[in-house]
Structures are given as structure tokens and as C-alpha cells.
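Asks: Counting with the working numbering, you get residues 283 to 562 for the letters of the sequence shown. C-beta: ideal position from N, C-alpha, C; glycine also. Just so we're clear, the structure is a prediction, and the values are computed from it rather than from any experiment.
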Amino acid sequence: MSIGNSPEDDRPSVGDDDRPSVGRALQQARSEAGLTVEAVSAATRVRVPIVQAIEQDDFSRCGGDVYARGHIRTLARAVDLDPGPLIEQFDAAHGGRPEPTVPTPLFEAERIRPEPRRPNWTAAMVAAIVAVIGFVGFTLFSGGGKGGDGPVSAGGTANAEKKPAPAPNTTRPTAKPTAPDPAPSDSAIAGLPKDKVTIKVTARDGQSWVSAKDANGRLLQDGLLKKGQSKTFTDKKRIDLVLGNAGAVQLYVNGKEVKHVGDEGSVERLSYTPGDPQAG
């Protein structure tokens with residue numbers, strides 16, 4: 283008696299190729315949540331054209347794979363999806379996540395060469411003076427002892443009784459202790475006026491897209507900040523920031539560092555006023 287396969291064994295298996303694309307999955311989740319593209323854009327602050335392009339699996343408007351991963355993560359959270367599998371699916375379709383590279387120093391520290399040792403002329407001069415005085419004193423004492431009492435001078439004092447001049451003080455003066463150098467400040471922009479807001483943005487761990495406006499809406503910066511570059515903005519009332527790839531940015535506000543700006547690939551909108559760093 284042969285045992286046949288059960289009907290369940292004849293069902294076609296569902297592989298990873300049958301799962302919807304990243305954009306299709308985001309679109310389905312948004313529809314099931316009853317949200318419009320405009321509502322998702324308002325909640326995530328990702329522009330409507332970019333949301334529409336991502337749902338069509340067009341990531342060319344994101345500005346690169348790093349920003350695309352950040353947008354996917356933000357949109358997935360807005361429609362209650364786990365962003366991890368979507369990002370893995372995106373990496374698999376776009377060649378995978380690049381391997382992290384070890385940063386190389388931009389500049390090699392210049393080695394401090396020891397200065398050539400100069401001859402100690404002071405010690406040599408003191409030794410010469412001591413030798414001359416010793417020779418003169420020896421000559422005077424040895425000359426006075428040969429003929430008994432020496433001739434008496436007009437003041438009634440014998441030449442033999444002349445005392446040699448005291449030797450100069452050969453002790454070198456003690457150098458005054460130098461005051462220690464002041465410790466470096468916590469940031470290069472510490473001590474700024476408190477009636478203004480001053481922001482310093484540095485692309486420390488990678489490039490970032492930075493947009494900055496003052497309180498009047500005047501555009502101060504709108505472009506890509508390459509790794510290692512910095513920008514400083516100042517205004518009397520307020521500065522509004524939009525940071526792409528916020529996890530790669532080092533941010534100082536009014537002389538104090540903001541410890542956590544955002545995640546890698548995330549887009550953050552921040553606003554600061556005079557005083558201590560306080561997100562608006």
C-alpha cells in the first residue's frame with residue numbers, strides 16, 4: 283500500500299519573489315490604514331511627490347540610497363509597518379548596504395622636532411670669572427709671603443692683608459613657574475552672545491543635506507554638506523533647520539552640543555532660539 287501525498291503538499295510554495303515590492307507594500311498599508319498621501323506627508327514631513335514616487339518604487343528623487351532608507355523607515359512607521367524587512371528588501375534590490383569604511387585622518391600631525399641644544403654661555407662665563415679671581419688671589423698671597431711683611435701702604439695696611447674680592451654668586455636664578463595653559467573650551471563657539479541664536483552644523487560621519495532659514499524666512503543654506511565641512515548660522519530670534527541623514531551630523535546650539543540629532547538616513551526638522559538648546 284503506497285502512501286500518497288496529502289492535498290496540502292500539492293499547494294504551490296510562496297517565496298520571497300511573490301511578496302509585494304517595497305513601494306507596493308507601503309501603498310497597501312497606507313490604504314488599509316485609511317490614510318491619504320497628503321496625510322502621510324503631513325505626518326512624516328516627507329514631500330508629497332517623494333511619497334508618490336516611493337510608492338511607485340521610484341527612489342531617484344530621494345537623493346541617494348542613504349536618504350531612501352531613511353524615507354522608507356519613516357513612511358513604514360507612519361503606516362504601522364516594520365521597516366526592517368522593507369529596508370532589507372530595498373538593499374537586496376539595490377546591491378546591498380555598502381560596507382563601512384575606516385575613516386582616514388585628513389591631516390597627519392606634524393612631528394615636533396626637538397630644538398638643538400644651545401651652549402650654556404652663562405655657566406662658561408661664571409667659570410671663567412671664578413678662575414680669574416682664584417688666579418689673582420693666589421698670586422697676591424704667594425707674593426706677600428716671600429719677603430716677610432710686605433711694604434706698608436699709605437693707609438697703613440700691608441699688601442698681604444688685602445682680602446680678595448668675594449666671588450660672585452654663581453647660583454642661577456630660579457625660573458618662575460609658568461602658568462598652565464587654560465583647558466580648551468567644550469566647543470569652538472562657546473562664549474557667544476546670549477541675545478542671539480548661533481548654530482554650528484558639521485557633517486562629521488558622512489555627508490548631509492542642510493537647509494537653514496532665519497526668523498524672517500530668509501534662506502541661509504540649502505545644499506549638500508560634504509563630510510568634514512561645517513556651517514555656522516546666527517540670528518537674533520530663531521533659526522529653522524532641515525537636516526538630511528541627521529545621524530551623521532554634529533550639532534552645536536549656542537555653544538552646547540546636541541547629543542542626539544537623529545538616526546542614520548532620517549530627515550529632521552528643528553528650530554532653535556537664543557538661550558540653551560531647546561527644540562522648537
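State the DSSP-derived secondary structure class of residue 414, mapped to helix, strand or coil.
Replies: helix
Asks: Would you decide whether residue 370 is buried or exposed? Buried here means 16 or more other CB atoms lie within 10 Å of its CB.
Replies: Residue 370 comes out exposed.
Asks: Measure the alpha-carbon distance for residue 360 versus residue 330 and round it to whole angstroms.
Replies: For the pair residue 360 and residue 330, the Cα-to-Cα distance works out to about 14 Å.
Asks: Per DSSP, which residues does residue 491 bridge with? Please list them.
Replies: 506
Asks: For residue 549 versus residue 526, is the C-beta distance shorter than 8 Å?
Replies: yes
Asks: Among the residues of its own chain, which have a CB less than 6 Å from the CB of residue 375, if the five just before and after it don't count?
Replies: none
Asks: Is residue 557 helix, strand or coil by DSSP?
Replies: coil
Asks: Can you check which of these residues, 508, 537 and 521, is closest to residue 531 by C-alpha distance?
Replies: 508
Asks: Buried or exposed for residue 323, please, with buried defined as at least 16 other CB atoms from any protein chain shown within 10 angstroms of its CB.
Replies: buried
Asks: By alpha-carbon positions, which one of 479, 545 and 541 ends up nearest to residue 348?
Replies: 545
Asks: Compare the beta carbon distance of residue 304 and residue 340 with 8 Å and say whether it is the shorter of the two.
Replies: no
Asks: To the nearest angstrom, report how far apart residue 317 and residue 328 are at their CA atoms.
Replies: 15 Å
Asks: Below 8 Å CB to CB, which residues in the same chain sit around residue 478 once its five sequence neighbours on both sides are set aside?
Replies: Within the same chain, residue 478 has close Cβ partners 516, 517, 518 and 556.
Asks: Beta-carbon separation of residue 372 and residue 351 under 8 Å?
Replies: yes
Asks: Exposed or buried, residue 313, counting other C-beta atoms within 10 Å across all chains shown (16 or more means buried)?
Replies: exposed
Asks: Assuming residue 337 and residue 308 are in contact, meaning their beta carbons sit under 8 Å apart, how far apart are those beta carbons, in whole angstroms?
Replies: 6 Å
Asks: What does DSSP give as the partner residue(s) for residue 534 in the beta ladder?
Replies: 482 and 539
Asks: Could you name the residues that DSSP lists as bridge partners for residue 499?
Replies: Looking at the DSSP output, residue 499 sits in no beta bridge, so it has no partner there.
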